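Protein chains in written order, with my numbering: chain Z, 44 to 151; chain B, 192 to 304.
Everything on this sheet refers to the single structure shown next.
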Amino acid sequence: QKEVEQNSGPLSVPEGAIASLNCTYSDRGSQSFFWYRQYSGKSPELIMFIYSNGDKEDGRFTAQLNKASQYVSLLIRDSQPSDSATYLCAVWAGKSTFGDGTTLTVKP
Amino acid sequence: DTAVSQTPKYLVTQMGNDKSIKCEQNLGHDTMYWYKQDSKKFLKIMFSYNNKELIINETVPNRFSPKSPDKAHLNLHINSLELGDSAVYFCASSQVTGPDTQYFGPGTRLTVL
Numbered sequence: 044q045k046e047v048e049q050n051s052g053p054l055s056v057p058e059g060a061i062a063s064l065n066c067t068y069s070d071r072g073s074q075s076f077f078w079y080r081q082y083s084g085k086s087p088e089l090i091m092f093i094y095s096n097g098d099k100e101d102g103r104f105t106a107q108l109n110k111a112s113q114y115v116s117l118l119i120r121d122s123q124p125s126d127s128a129t130y131l132c133a134v135w136a137g138k139s140t141f142g143d144g145t146t147l148t149v150k151p
Numbered sequence: 192d193t194a195v196s197q198t199p200k201y202l203v204t205q206m207g208n209d210k211s212i213k214c215e216q217n218l219g220h221d222t223m224y225w226y227k228q229d230s231k232k233f234l235k236i237m238f239s240y241n242n243k244e245l246i247i248n249e250t251v252p253n254r255f256s257p258k259s260p261d262k263a264h265l266n267l268h269i270n271s272l273e274l275g276d277s278a279v280y281f282c283a284s285s286q287v288t289g290p291d292t293q294y295f296g297p298g299t300r301l302t303v304l
């Protein structure tokens, strides 16, 4: 079992829809959870982080964490073509472990 | 005003050669990292340094040797390059060691022929 797993994708949504990106992790001691966005040919950049159970909202982005289920998700509301990228989930448990990423395409 | 910079951006070399990648951060961060991203986009940590001290050394062939002359610089030297070393190598930094936002450099695309 991989330490951090993301839905395999690719994920395609129409412009204006909600994109839902999921991530599960195996280490129950994981403390912090990060979502990075990586455009093709570019480096990862942080979108959001979350430490506590529940939801955390930042503009069109909402991160959701459920430690009991070892699950973290990222919702993107009103998806835009500029959101088309690979989204990487990173889990910190002594070090950062990244998932394989989910590639999102938002179609105009 | 680049926060984390890497040189070179592209590196094409023959098998068996030795090469280095340099990284510098001007964010005043204490911790720096090297990651390898393969063709399937999987990003895997290789090394982490905190204020010039090695703190994470993943299962990486000993052909890879990081060096941190000061906390703003972390270089990666690779001996006897192999085809499987072809990847994008990212340097990153964070303010502290621990669960903290990491700021990535632009990456170095290494191609071993």
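The C-beta atom is built at its ideal place from N, Cα and C for all residues, glycine as well.
This structure is a prediction, so every number in the text was calculated from the model and none was measured.
| Check | Outcome |
| --- | --- |
| Z:TYR130 CB to nearest heavy atom of the ligand HEM below 7 Å | Among the components of this structure there are no ligands whatsoever, and the ligand HEM is therefore not found. |
| As assigned by DSSP and simplified to three states, the class of Z:SER95 | coil |
| Cutoff 8 Å: Z:GLY144 Cβ touching any chain B Cβ | yes |
| Identity of the residue in Z:TYR79, Z:MET91, Z:GLY144 nearest B:SER230 by Cα | Z:GLY144 |
| Reduced DSSP secondary structure (H/G/I, E/B, other) of Z:SER69 | coil |
| Cβ-based contacts, 8 Å cut-off: residues of the stretch 86-116 of chain Z near chain B | SER86, PRO87, GLU88, LEU89, PHE92, TYR94 |
| Chain-ordered neighbours of Z:GLN74 on chain B, where CB pairs are closer than 7 Å | PRO290 |
| Under 8 Å by beta carbon: chain Z residues contacting B:GLY296 | SER86 |
| Residue closest to B:ASN217, alpha-carbon to alpha-carbon, out of B:GLY296, B:TYR226, B:THR302 | B:GLY296 |
| Z:ARG71 burial status per 10 Å Cβ neighbour count (16 or more: buried) | exposed |
| Helix, strand or coil at Z:SER125 [DSSP, three-state] | helix |
| Span separating the alpha-carbon of B:ASP209 from that of Z:GLU48 | 34 Å |
| Cα-Cα separation between Z:ASP126 and B:THR288, rounded to whole angstroms | 30 Å |
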